[in-house]
Every structure is written in C-alpha cells, then in structure tokens.
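Inspection log for the structure reproduced underneath, given as structure tokens.
Number of protein chains: 2
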Amino acid sequence: MSAASPAVRKQSARDRLLAAADELFYAEGVHTVGIDRVIEQAGVAKASLYSCFGNKDGLIRAYLQGRHESRQTRILTGLERFDTPRDRLVGVFDVLIDYVSAPAYRGCAFYNASAESEKGGVAEEMSDANRAWTQELLIGLAREAGVPDPAVLAAQLVILYDGASAGARLDRHPEAAVTARAMAAVLVDAAIAAL
Amino acid sequence: MSAASPAVRKQSARDRLLAAADELFYAEGVHTVGIDRVIEQAGVAKASLYSCFGNKDGLIRAYLQGRHESRQTRILTGLERFDTPRDRLVGVFDVLIDYVSAPAYRGCAFYNASAESEKGGVAEEMSDANRAWTQELLIGLAREAGVPDPAVLAAQLVILYDGASAGARLDRHPEAAVTARAMAAVLVDAAIAAL
DNA sequence: ACGATAGCAGACAGATCTGTCTAGTGTCGT
DNA sequence: ACGACACTAGACAGATCTGTCTGCTATCGT
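Quick mapping for you: the protein sequence lines, in order, are chains A and B. Residue -6 in this note's numbering is what sits at position 2 of the first sequence, and the numbering runs on without skipping anything. Residue 105 in this note's numbering is what sits at position 113 of the second sequence, and the numbering runs on without skipping anything.
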C-alpha cells in the first residue's frame, strides 16, 4: 500500500489512450487515424492526450515503444518452452507463426509506421531499435548454439523473418511464416552440423 | 502521319502527372502527399488531374500500375543476359540488388501503399496482381530449370525476395539483398541437384 | 475558318486535422 | 476543509486536403 500506484481505480487516461492508439494505429496507420478517433475510442478528453504525450508524434512514439516491449515479452516468453539453443532459434519462427496467424495481423508495425512517416522521423528511430534487438537476440542464440559464425546465421534468419512477416501480410495468409520456419530449421541444423 | 499520337509536342499532362506522382508517392507515401504537391511538381492544372484520373484513387492506381509495368520490364530485360534457367532464377536477385542499391530506394511500392491505405482498396488489388506475376515468373523459371517441385522453390524464393526488399528498406542498406542472393543460389542449386 | 479537344489558372466549398484554450468536475492526501 | 491534481467537455484557430466550377488559351483535324 505504498504511494507507488496513484490510480488503481479503473485505468488512467494514459493507458486508455495507449490502448486505443495501439489498436487504431496498427489497424489503419498512424497517419490515417486522426487524434479525434483516438480520443473518442479511448473516451478521453483531447487536452489529456496533449498533456500526456505532448503531441501526436509523442503518441506515435509511445505506441511503437509499447509494440516493441510487447514483442520482446511475447518472443521471450514464447521461447521459454524450448530447451536447447537450436530449438530456441527455430522457435522464434514458431512465435512468428502464431503472431501472423491472428486475424488482426497487418504486418510489421514498425515497417508500416515508417512507410507513412517522413525519413528520419520517430518511426525510423523506433524501428532501428527494434531491429537491433532482434538481431542481437538471434546472434546470442546462435552463439549459444555454437555455430561457427553467429552473425552470418543471424543475418540469414533475419531475412527469413522479414520475408515471412511481409509475405504473410501481403498474402493475407500465414503460409509464408510456416515455409520460413522450415527453411530456418534447415539453415540452423546445417550451421550446427558444420562444427 | 496518322492520327495515332495527338501530342508529341512536349509531354502530355497525363505523363507529367504520372511522373510527378511516381516520384512523390514513392518517396513520401500516397497518403502523405497531397494533390496540390503533385500538380505543382507536374506543372499541371488541377482540373487536368481530375479529368485524366477521375480522383486521387485513380491517380494512385495509375501510379501503381506504372510501377508494376516498369518492374516487369526491369526484371525481364535484366534477365536477358543470363543463359540458363538456373542463372535466371538467381538473376532475379541480381536485379533486386541493383534496385535496392539506388539511393532513392524506399522499399516495395506496393507494400508501402497498402500500409497506408484501407483494407480492400486499390493498393491491395494492385499488390495482389504484382505478387501473382512474380510468383508465376519464378514458378515458370523453376519449371524450366526442371526442379522437382517448382511451386515450393518459388515460395521459398519469394520469402527471400520479400525479406531482402524489406530488410534493405529498414536497414537503409542493400546488404540484405546480397545475402538473399547467396541464399537463393544455394537453394536453387540444391533443388536442381535433387533431380 | 472553325469546332473540338486539351490544357491552364485559380477561386471556392466542405471536410478534416492538429493543437490551444477556457471552464468546470471529482478525487486524493493532508 | 482545502489545495493539488487529473481529467472532462467542447469551442476555436489555422492549416490542409479533396474535389468542383468558371473562364480563358492554344493547338489540331477537317
């Protein structure tokens, strides 16, 4: 009962705003969706939005930051059920298959956001951070698996990952992710066998 | 001279409009760029735009149709220098490397356009046509190469292609395409060797 | 010479978007 | 009881966007 959490009553305006932005921005695009739509769905006053996030760019940043964090936990917890580094490397694609199979899947939130933002904006910055995290995750797993050149394997897996993500989006079907998982398994096993 | 070409003088308003739209829409997004920017860059009256294309959606459709056709010729002519079906399959990735290495490269025009358009719109329709063409091209080349299952190889190459395209965009560097080409070569050779 | 066609210039309507501001409400800790 | 705080409701300004409309000009085929 410390003074740490000031508003446990229902949900702060900030949280409702973020939830609405997450849904609308992802489904229809950060530029297509206007401020009014967000505050209406969140049931929040416009002044609250600007008090919490400064401006629309701040809201977009928070939206992408939230996507980044939820993706990290989704992958990390999804990987817990696998025992070996080899299985975890391939398991990243199992998590991806789940993700792109959701009916609401509309591609990579970071790619989408930067496709409709200007060069060098918030979207690019957040996307870079997200990609760096993925790359390091894969390199770390590859190193644990003891493959000769972890960075090379990781680069190849990133291509499969991006291809699966984009393909599932454009085809509106998760098949590409299933194919990518199979390709990733072959690649990982070959790299491990090359010891 | 027949009555076939009515305006050889300089360049029709339609052509200038299309050139301006191609540049601006690709560089900044179909939704971000307004009609006024396009007509200003084209040096054309607003009424001409609406007389030529009906509305903005019509201009977007024509822009994507133009991208589709120029991509077809770029790939087809780029493939002419290769002699065997095997080399042409891998050659698709050589053409891709050239494309993503251009400083103005900003990812797949169809993905970008559909990322900022609503579901079921023009962008999706044009993207579907473009992807179907690519898939059929790869299946045809794989069949010519005599691989056991052309559709499977084509599906795998599409993933590499999409991954290279998206990766080069997000990393702002063509490296992913080079890696994808190497992966494609391994895949194609393995499929041919499996005869 | 004379329509027909294509194009230009720009005002205008109506919608929509971001961001600001005022004024008021309810809840908390003290 | 009271001040601080978070929030609400909505008007408002100013910009921007799509699309229409009027009026004018130049060129081309016949």
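C-beta: ideal position from N, C-alpha, C; glycine also.
Name the chain A residues that come within less than 7 Å of Gln148 (chain B), Cβ to Cβ? Residues of chain A whose Cβ lies closer than 7 Å to the Cβ of Gln148 (chain B) are, in chain order, Thr171, Met175.
Buried or exposed for Leu68 (chain B), please, with buried defined as at least 16 other CB atoms from any protein chain shown within 10 angstroms of its CB. Exposed is the call here.
In chain order, what are the residue ranges of uninterrupted alpha helix (DSSP H) at least 4 long that sit wholly in the segment -3 to 68 of chain B? For the segment -3 to 68 of chain B, whole alpha helix (DSSP H) runs of length 4 or above, ordered along the chain, are 5 to 20, 27 to 34, 38 to 45.
What's the C-alpha gap between Phe85 (chain A) and Ala176 (chain A)? Going by the C-alpha atoms only, they are around 8 Å apart.
How would you write the range of the alpha helix (DSSP H) that Ser157 (chain B) sits in, first residue to last? That run of the alpha helix (DSSP H) goes 142 to 163.
Rounded straight-line distance, which links the Cα of Ala11 (chain A) to that of Ser4 (chain A): Distance between the alpha carbons of Ser4 (chain A) and Ala11 (chain A) is about 11 Å.
Which residue from B:Ala146, B:Asp120, B:Ala121, B:Ser119 puts its Cα closest to that of Gly132 (chain B)? Answer by Cα proximity: B:Ala146.
Quick one: what does DSSP say Tyr103 (chain A) is sitting in, helix, strand or coil? It is helical.
Using beta carbons (cut-off 8 Å, strictly below), is Leu162 (chain A) in contact with chain B? It does: the Cβ of Leu162 (chain A) has a partner Cβ on chain B nearer than 8 Å.
If you run the structure through DSSP and keep just helix, strand and coil, what is Pro95 (chain B)? Coil.
Using a Cβ-Cβ distance under 8 Å, would Glu117 (chain A) count as near chain B? No, Glu117 (chain A) does not count as interfacial toward chain B.
Give the residues of chain B in contact with Gln47 (chain A), contact being defined as C-beta atoms less than 9 Å apart. Per the sequence shown, residue 47 (chain A) should be read as Asn rather than Gln. Simply none; closest approach about 17 Å.
At a CB-CB cut-off below 7 Å, which residues of chain B make contact with Thr213 (chain A)? Outside the modelled stretch of chain A, which goes from -7 to 187, sits residue 213 (chain A), for which no answer is possible.
Minimum Cβ-Cβ distance from Asp154 (chain A) to chain B less than 8 Å: Yes, Asp154 (chain A) counts as interfacial toward chain B.
Less than 8 Å between the C-beta atoms of Tyr97 (chain A) and Ala160 (chain A), yes or no? By the CB criterion at 8 Å, Tyr97 (chain A) and Ala160 (chain A) fall inside the cutoff.
What does Arg123 (chain B) reach in chain A if we use C-beta pairs closer than 9 Å? The contacting residues are Gly159, Leu162, Asp163.
Measure the Cβ-Cβ separation of Leu71 (chain A) and Arg80 (chain A) and say whether it is below 8 Å. In this structure, Arg80 (chain A) lies closer than 8 Å to Leu71 (chain A) by Cβ.
If you drop the 5 nearest sequence neighbours on each side, which residues of the same chain put their C-beta closer than 6 Å to that of Leu130 (chain B)? Once the five neighbours on either side are set aside, the close Cβ partners of Leu130 (chain B) are Ala146, Leu149.
Assign Pro166 (chain A) to one of three DSSP states: helix, strand, or coil. Assignment of Pro166 (chain A) by DSSP, reduced to helix, strand and coil, places it in the coil class.
Using a beta-carbon distance below 8 Å, is Gly99 (chain A) in contact with chain B? At least one chain B Cβ lies under 8 Å of Gly99 (chain A).
Can you give me the start and stop residues for the alpha helix (DSSP H) that Thr126 (chain A) sits inside? It spans 114 to 137 - the alpha helix (DSSP H) in which Thr126 (chain A) sits, taken as one unbroken run.
Three-pair Cβ contact test at 8 Å for the segment 52 to 65 of chain B versus the segment 105 to 115 of chain B: Touching, yes, given that three or more Cβ pairs across the two stretches are closer than 8 Å.
Can you list the residues of chain A that Pro20 (chain B) reaches, using a CB-CB cut of under 8 Å? Per the sequence shown, residue 20 (chain B) should be read as Glu rather than Pro. Among the residues of chain A, those whose CB is under 8 Å from the CB of Glu20 (chain B) are Glu110, following chain order.
Can you tell me whether Asp75 (chain B) is buried or exposed, with buried defined as 16 or more other CB within 10 angstroms of its CB? Classification for Asp75 (chain B): exposed.
So, using beta-carbon positions, are Ala143 (chain A) and Ala156 (chain A) closer together than 8 Å? No, they are not a contact pair.
Is Leu56 (chain A) closer than 8 Å to Ala115 (chain A) when the C-beta atoms are compared? Cβ distance < 8 Å, so Ala115 (chain A) and Leu56 (chain A) count as in contact.
Whether Leu41 (chain B) touches Arg29 (chain B) by CB criterion (8 Å): Inclusion of Leu41 (chain B) and Arg29 (chain B) in the CB contact set at 8 Å is not warranted, their separation being larger than that value.
Can Glu193 (chain A) and Pro77 (chain A) be called in contact, C-beta distance under 8 Å? As shown, chain A starts at -7 and ends at 187. That puts residue 193 (chain A) outside it, with no answer to give.
With 16 other Cβ atoms within 10 Å as the buried cut-off, status of Gly26 (chain A): By the Cβ neighbour-count rule, Gly26 (chain A) is exposed, with fewer than 16 other Cβ atoms within 10 Å of its own.
Report the rounded CA-to-CA distance for Lys38 (chain B) versus Gly138 (chain B), giving the unit in angstroms. Between Lys38 (chain B) and Gly138 (chain B), the C-alpha separation is close to 53 Å.
With a threshold of 8 Å on Cβ separation, who are the neighbours of Ala(-5) (chain A) within its own chain once the five nearest residues in sequence on each side are excluded? Note that Ala(-5) (chain A) scores 34 on pLDDT, short of 50, meaning its location in the model is unreliable; the coordinates nonetheless yield the value given after this. The answer is none, since no qualifying residue turns up.
C-alpha distance - Asn47 (chain B) paired with Arg8 (chain B), whole-angstrom precision: CA-CA distance, Asn47 (chain B) to Arg8 (chain B), rounds to 16 Å.
Can you list, in chain order, the residues of its chain whose CB lies under 7 Å from that of Val36 (chain A), leaving out five sequence neighbours each side? Within the same chain, and ignoring the five residues on either side of Val36 (chain A) in sequence, the residues whose Cβ sits closer than 7 Å to its Cβ are Ala5, Arg8, Leu9.
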